[in-house]
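First residue of the sequence shown: 110, per this note's numbering; consecutive thereafter.
Beta carbons: idealized from backbone N, C-alpha and C, even for Gly.
Working notes, structure below.
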Amino acid sequence: MTHRHRPWGYQQDSDGALPNWELHPDTQAIRAGLARSGFGETSEALYLSSGFTYDSAEQAVHSFTDEVDHFLYSRFANPTVAMFENRLAAIEGAEFCVGTGSGMSAMFASIACLVEAGDRVVASAAMFSSCYVVLSEFLPKWGVQVEFVRGNNPEDWQRALSQKTKAVFLETPTNPMLEVVDIAMVSEIAHQVGATVIVDNVMASPILQKPLQLGADVVMYSATKHIDGQGRVLGGAILGSFDYIQGSLNPFIRHTGPTLSAFNAWVLVKSLETLSLRVNRMNDNAAVVADFLTKQSRIKSVNYPGLPTHPDYEITRRQMIGGGTTISFDFNGDTDSLFKVMDKLQVIDISNNLGDSKSLITHPASTTHRRLDPELRAQMGITDSVVRLSVGLEHSSDLIKDLDQAIN
Ligand SMILES: *Cc1c(COP(=O)(O)O)cnc(C)c1O
């Protein structure tokens, strides 16, 4: 084998097989991280191995003391997982990436590795409900104080970040109401008090938004969403600097074990090759569908960051390419008639997943966000008449026909 292994974290060009000019991200998505075995296989190899052998007892010692690059155990690192991590780091433009078994394990590890009892965290209130549970229930139980602010309100951030804060957590655009948080604005305020800014970039994907370039310190993903994008496996990833990953995250991951499986990493590394094609097409489809929805009298309002009527349209234009792949809308009518519309759909599936090649529709108040306190749900705008539509890769003309026949 000609490539070098790194027991922890992976530099984007650690495998040395890339040319000496800086490759376009679309090329990186196909080439970065590729570490071929001695067989010259075209496709990335799947290393289904929990452990690794050593040529000698001495080599084992030197591997454990980091004097030799050698994989030790797949809870710490695995060659297939490393290919996924290297490739995603290259696409994101991050120094290091660590894969995890799900988006939630990525979210939890990204923040749990930083905080201790007595620390303070500030977060925007609108977010994926399990992330909200981690911040509002688990962290406080362990003595971490968490304050929630309105994500698109600069005064809230100024006030909350006027005292020492360990970490800031935000999701943008938010799921399911598609609010947009100004990443550069929050990062600037947060850095004045030394906070580490973590962005849940799931809804935008690395193709449409690059939080690290906007000033954030850490990005996390549910790879289950756009990165797989074909409804097959769960996965997650955390990206950040050498200091954050080596200093804080890796010790936590190594000993608590929220590891990404080699099989899932193999599915995901292949998915990265088509991520940009898929997300860009889904983004184009979503813009067409959002425009169609704004013209329907049975729809009260359409939330889509790519529409000029969206309250954060200007911020969206500054920090994202396009408006994203997800739309939510407020239906004119009661839950019964809304459910009838959903049931009439013939192409679009009813499912709570998102970022998939198949268009999926869900009623957040009764499914994904059911766990939230009704008052908080109302504050977030997730009323009983709101539906979320994740726009997939079908031809937009069929999506519009389908919505048209179901709504009208
Ligand atoms: C799905 C999702 C998660 C959690 O990811 P899993 O892979 O389901 O664990 C976190 N944040 C957002 C915004 C999500 O949509």
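What does DSSP give as the partner residues of residue i in its beta bridges?
i, result
"I459", "I470"
"R229", "Q254"
"D309", "E280, M329"
"D439", "S410, V495"
"T403", "DSSP lists no partner for T403."
"G527", "Absent from the model: residue 527. The displayed extent of the chain is 110 to 517, so no value can be given."
Excluding the 5 residues flanking residue i on each side, which residues of the same chain have their C-beta closer than 8 Å to its C-beta?
i, result
"I408", "L402, F438, D439, F440, N441, I516"
"H478", "S238, P285, R486, M489, I491"
"I307", "S219, I220, A276, V277, F278, L279, A325, D326, V327, V328, M329"
"D135", "S385"
"L223", "K275, A276, T305, S357"
"R115", "For R115, the predicted model reports a pLDDT of 39, less than 50, meaning its position is unreliable; a value from the coordinates is still stated below. The answer, listed in chain order, is S123, D178, A186, A191."
"A399", "V411, Y413, G415, L416, G432, I436"
Keeping to the same chain, check which residues put their C-beta closer than 7 Å to that of residue i; ignore five residues upstream and five downstream.
i, result
"T174", "none"
"S410", "F438, D439"
"F372", "L155, L157"
"S506", "none"
"I139", "E382"
"M216", "C240, V243, D309, M329"
"N129", "none"
"Q405", "I516"
If residue i sits next to residue j, beta carbons under 8 Å apart, how far is it from one beta carbon to the other, in whole angstroms?
i, j, result
"S314", "G464", "7 Å"
"P285", "P473", "5 Å"
"H179", "F193", "At roughly 19 Å, the Cβ-Cβ gap does not stay under 8 Å, so H179 and F193 are not in contact."
"G210", "G345", "7 Å"
"T471", "V496", "7 Å"
"L369", "V190", "5 Å"
"S460", "L508", "About 15 Å; that fails the 8 Å criterion."
"P367", "S214", "3 Å"
"V302", "L270", "5 Å"
Ignore the nearest five residues each way along the sequence and tell me which others in residue i's own chain have a CB closer than 6 Å to its CB.
i, result
"K334", "V311, L463, G464"
"E201", "P315, L348"
"R480", "S238"
"L518", "Since the first and last residues shown for the chain are 110 and 517, residue 518 lies out of range."
"S331", "G212, V311, G345"
Which class does residue i belong to by DSSP, given the choice of helix, strand or coil?
i, result
"N412", "strand"
"A199", "helix"
"E256", "strand"
"V500", "coil"
"T209", "strand"
"H114", "Residue confidence for H114 is low, a pLDDT of 34 falling below 50, so the modelled location carries little weight; the figure read from the coordinates is stated next. Correct three-state label for H114: coil."
"D337", "coil"
"L512", "helix"
"L279", "strand"
"D122", "A caution first: D122 carries a pLDDT of 43, below 50, which makes its placement in the model unreliable, though a value can still be read off. Three-state result, D122: coil."
"D291", "coil"
"F180", "coil"
"V397", "helix"
"G345", "strand"
"G356", "helix"
"L477", "Per the sequence presented here, residue 477 reads as Thr, with Leu not at that position. In this structure, T477 counts as coil in the three-state DSSP scheme."
"T274", "coil"
"T136", "helix"
"T365", "helix"
"S245", "helix"
"E264", "helix"
"L485", "helix"
**Meets three-Cβ-pair contact criterion under 8 Å: the region 483-497 and the region 339-355** = Cβ pair count under 8 Å is below three, so no.
**Message:** Counting beta carbon pairs with one atom in the region 324-340 and one in the region 281-296, are three or more of them shorter than 8 Å?
**Reply:** yes
**Asked** Quick one: any contact between the region 273-291 and the region 423-436, if contact means 3 or more CB pairs under 8 Å?
**Response** yes
**Item:** Touch test, the region 384-403 against the region 495-502, Cβ-Cβ under 8 Å, three pairs minimum
**Value:** yes
**Asked** Should the region 448-458 be called in touch with the region 369-383, which here means at least 3 C-beta pairs below 8 Å?
**Response** no
**Message:** Measuring CB atoms only, is the region 218-229 touching the region 181-196, in the sense that at least three cross pairs come out at less than 8 Å?
**Reply:** In this structure the region 218-229 does not lie against the region 181-196, because fewer than three pairs of beta carbons, one per stretch, are closer than 8 Å.
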